[in-house]
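Participant: Residue numbers for the sequence shown follow the working numbering, so the first one is 25 and each next one is one higher.
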Amino acid sequence: MTPLPNDLRAAIDAATLAIEPRLIALRRDIHAHPELAFEEVRTAGVVAAELARLGIEHRSGIGRTGVVATIRGARPGPVLAIRADMDALPIQEETGLPFASTIPGKMHACGHDLHTTTLLGVGAVLQGLAGQLAGTVRLIFQPAEEAIGGAREMIAEGVMEGVDMALGLHNRPEIPVGRFGIVHGPATAATDSFDIVLHGKSGHGARPYAAVDPIVAAAQLITQLQTIVSREVRALDSCVVTIGAIHAGEARNVIPERCELNGTVRTRQPDARDAAEAGIRRICEGIAAGLRVRCALSYRRGMPAVINDEAMLQHTLAAIRAQLGDVADEYEPSLGGEDFALMAAMVPAFRLLVGSSQPGRADKVHNAHYQPDERCIGYGVRALARTAADLLTPGATT
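This is how it looks when you write it as structure tokens:
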């Protein structure tokens with residue numbers, strides 16, 4: 025086995041520069057043809073064709089529409105998984121770009137087209153270094169992150185079998201292109217959901233004493249639910265309880281029979297998650313007893329939080345500094361959900377935030393006008409390829 029090049033930084037830079045124009049072209053093609061969760065047939069085809077062109081071993085149809093590729097080092101060693109998501113969002117694009125979505129009502133408004141092409145670039149660079157690595161790189165092109173289902177299906181089909189450590193990425197338009205965000209510990213939120221149906225007794229709006237009003241009960245319930253955040257969860261922990269929809273009644277002078285509320289709970293710490301669920305259950309019982317309604321609660325635990333492993337974070341940080349300099353900053357965690365959490369719960373893992381802000385813009389993801397800076401692809405390739413090379417160098421540990 026030959027050692028890694030003396031100037032690994034120059035080798036990765038040169039390899040990235042050579043493929044960057046092609047990666048941008050691939051990104052624009054994927055962007056123009058967005059596909060929603062588990063519809064990523066064309067996108068998976070683009071990925072598979074590029075992997076074949078690069079001579080990288082791969083399999084399609086994993087987790088329905090996912091693709092898994094394997095780069096084998098010259099010597100045995102750990103297995104590193106690197107994951108990117110491929111799906112788009114049900115948003116009508118309003119950017120006016122020449123490569124804007126050609127599919128009405130669908131758009132890559134979260135930057136998964138960037139993630140997919142970044143991982144293809146990482147694969148291209150590492151394929152060129154394969155003879156100098158000890159271990160295996162598993163590239164995971166995942167469907168259905170936005171539906172929070174793709175990771176689970178790929179795991180069920182064995183994508184994490186034998187994996188020792190994992191990396192993920194997400195672009196961030198709040199971070200300038202060329203810089204990276206580092207979050208210690210819980211990086212995203214657990215995403216729980218609940219439905220509450222308050223059953224009362226319908227009646228005339230002029231005679232509320234002859235009815236049992238579920239709308240009044242709903243009003244008090246919503247107010248009390250917010251005390252979970254303000255008075256039951258530790259102030260230093262993160263918790264959000266949101267009611268996003270209420271459905272009740274059809275006429276202004278009729279007290280309805282029922283009122284339905286739909287909500288979400290976002291927490292980063294397990295104790296806060298337990299406290300929120302327990303509080304919602306207790307408050308529902310109290311409202312039922314106090315206001316004579318019947319309260320039916322359905323509470324569902326969704327994805328856990330992504331927990332960044334500190335050792336993997338430090339390995340990545342050191343690799344970024346070696347490859348690109350002091351361009352990584354501490355960044356705030358998110359209360360959004362991310363199903364990379366399921367992979368991160370199985371092995372030491374780290375999710376890197378890649379700056380994608382265009383100068384002069386203030387974009388946000390999940391927005392019809394989102395226009396990331398495509399240079400983030402090359403920066404992401406350099407950061408992740410260097411991290412993988414360092415982790416699979418003999419003597420590296422996690």
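Cβ coordinates follow ideal geometry from the N, Cα and C atoms, glycine included.
Would the beta-carbon of A373 fall within 8 Å of that of D333?
Facilitator: yes
Participant: Any idea what DSSP makes of V201, helix, strand or coil?
Facilitator: coil
Participant: Taking A76 as the reference, give the member of G87, T67, Q338, A93 with the closest Cα.
Facilitator: Restricting attention to G87, T67, Q338, A93, the CA atom closest to the CA of A76 is found in A93.
Participant: From the DSSP output, in three-state form, read off Y323 for me.
Facilitator: strand
Participant: With R89 as the anchor, note down where its beta strand (DSSP E) starts and where it stops.
Facilitator: Checking the displayed sequence, the identity of residue 89 turns out to be Thr instead of Arg. Run containing T89: none; DSSP gives neither H nor E here.
Participant: From the DSSP output, which residues share a beta bridge with F165?
Facilitator: V91, A108
Participant: Note down, one range per segment and in chain order, each alpha helix (DSSP H) of at least 4 residues found wholly within the region 271-323.
Facilitator: Complete alpha helix (DSSP H) runs here, min 4: 294-315.
Participant: Quick one: what does DSSP say L376 is sitting in, helix, strand or coil?
Facilitator: strand
Participant: The alpha helix (DSSP H) that contains D424, what's its start and end?
Facilitator: Any property of residue 424 remains undetermined from this structure, which presents the chain solely from 25 to 422.
Participant: Any idea what DSSP makes of V65, helix, strand or coil?
Facilitator: helix
Participant: Out of curiosity, what's the CA-to-CA distance linking D37 and A409?
Facilitator: CA-to-CA, the gap between D37 and A409 works out to about 10 Å.
Participant: Could you name each continuous beta strand (DSSP E) segment of 3 residues or more that falls completely within the region 331-383, going from the start of the chain to the end?
Facilitator: Entirely contained in the region 331-383, the beta strand (DSSP E) runs reaching 3 residues are, in chain order, 352-354, 373-381.
Participant: Report back the beta-carbon spacing between T140 and F165 to the nearest angstrom; my notes put them in contact at under 8 Å.
Facilitator: 6 Å
Participant: The beta strand (DSSP E) spanning I220 covers which residue range?
Facilitator: 214-223
Participant: For P128, does the three-state DSSP call read helix, strand or coil?
Facilitator: coil
Participant: Check each candidate in Q347, V330, L50, P45 and name the one with the smallest Cα separation from L193.
Facilitator: The shortest Cα separation from L193 among Q347, V330, L50, P45 belongs to V330.
Participant: Using the Cα positions of V351 and M370, report the straight-line distance between them to the nearest angstrom.
Facilitator: 29 Å
Participant: Please return the same chain residues whose Cβ sits closer than 7 Å to the Cβ of R385, not counting the five positions on each side in sequence.
Facilitator: Q395
Participant: Which residues in the same chain have their Cβ closer than 7 Å to the Cβ of R52, if we skip the five residues on either side of it in sequence?
Facilitator: F123
Participant: In whole angstroms, give me the CA-to-CA distance for M336 and A158.
Facilitator: 17 Å
Participant: Buried or exposed, going by whether 16 or more other CB atoms sit within 10 Å of the CB of V389?
Facilitator: V389 comes out buried.
Participant: Is it the case that the Cβ atoms of D216 and R324 are separated by a distance below 8 Å?
Facilitator: D216 places its beta carbon less than 8 Å from that of R324.
Participant: Which partner residues does A158 have in the DSSP bridge list?
Facilitator: R99
Participant: Looking at S84 and A108, is the spacing between their C-beta atoms short of 8 Å?
Facilitator: The Cβ atoms of A108 and S84 lie no closer than 8 Å to each other.
Participant: Determine the burial state of P197: buried for a count of at least 16 other Cβ atoms within 10 Å of its Cβ, exposed for fewer.
Facilitator: buried
Participant: Considering only residues of the same chain and omitting the five flanking positions on each side of P232, which have a CB-CB separation below 7 Å?
Facilitator: Contacts found: I279.
Participant: With the cut-off set at 8 Å, would you say I401 and L104 are in Cβ contact?
Facilitator: no
Participant: So for T417, helix, strand or coil by DSSP?
Facilitator: coil
Participant: By alpha-carbon positions, which one of P200, A190, A368, A133 ends up nearest to A112?
Facilitator: A133
Participant: With 16 as the cutoff for other CB atoms within 10 Å, does P58 come out buried or exposed?
Facilitator: buried
Participant: In the DSSP assignment, find the alpha helix (DSSP H) that holds R176 and state where it starts and stops.
Facilitator: 174-180
Participant: Go ahead and pull the three-state DSSP assignment for V71.
Facilitator: In this structure, DSSP gives V71 a helical state, which the three-state scheme calls helix.
Participant: In this structure, how does DSSP classify P210 when only helix, strand and coil are distinguished?
Facilitator: DSSP places P210 in strand when its eight states are reduced to three.
Participant: Roughly how many angstroms separate the alpha carbons of M178 and P167, rounded to a whole number?
Facilitator: 9 Å
Participant: Roughly how many angstroms separate the alpha carbons of H228 and A368, rounded to a whole number?
Facilitator: Taking the Cα positions, H228 is about 55 Å away from A368.
Participant: Within 10 angstroms of its Cβ, does G145 collect 16 or more other Cβ (buried), or is it exposed?
Facilitator: So G145 counts as buried.
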